[in-house]
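Chemist:
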Amino acid sequence: MSWAGPLGALIGFGLGLLEYRLMSAVVIGALRRTDRSETEAERADYERRIRILRAVLVVMTIGVMPVLGFVIGRTVFG
Numbered sequence: 011m012s013w014a015g016p017l018g019a020l021i022g023f024g025l026g027l028l029e030y031r032l033m034s035a036v037v038i039g040a041l042r043r044t045d046r047s048e049t050e051a052e053r054a055d056y057e058r059r060i061r062i063l064r065a066v067l068v069v070m071t072i073g074v075m076p077v078l079g080f081v082i083g084r085t086v087f088g
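Position one of the sequence shown corresponds to residue 11 (this note's numbering), numbered consecutively onward.
(1) In the DSSP assignment, find the alpha helix (DSSP H) that holds D55 and state where it starts and stops.
(2) For P76 and R64, I'd like the C-alpha separation in whole angstroms.
(3) When DSSP labels each residue in this structure, what does R46 get in the three-state scheme?
(4) Taking buried to mean at least 16 other C-beta atoms within 10 Å of its own C-beta, is I72 buried or exposed?
(5) Taking DSSP as the reference, what is the three-state secondary structure of M11?
See the structure below:
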């Protein structure tokens, strides 16, 4: 059994988690600083959009990077 795929997936997960932490801190922090909501309804809508963005970032980084790491590990090493 080759450990290249699972090891690549584990490395991809770690990198994806790191990438998510960095990107979400920068992007969501910038969005919160530029919030121009005047009413509570606007603020709630803005926060809802930030939650959607956070979910998309999770799928793109933590969800895709392990798959990519697995494929690269299997392709390159075995």
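Don't be surprised by glycine CBs; every beta carbon is placed ideally from N, CA and C. These numbers come from a predicted model, not from an experiment.
Modeler: In brief:
(1) The sequence position of residue 55 within the sequence shown is 45, counting from 1. Residues E50 to V68.
(2) Looking up residue 76 in the sequence shown gives position 66. Looking up residue 64 in the sequence shown gives position 54. Whole-angstrom Cα-Cα distance: 18 Å.
(3) On the sequence shown, position 36 is the one that residue 46 refers to. R46: coil per DSSP, three-state reduction.
(4) Counted from its first residue, the sequence shown places residue 72 at position 62. Buried, since its Cβ has 16 or more Cβ neighbours within 10 Å.
(5) Here residue 11 refers to the residue found at position 1 when the sequence shown is read from its first residue. Reduced to three states, the DSSP call for M11 is coil.
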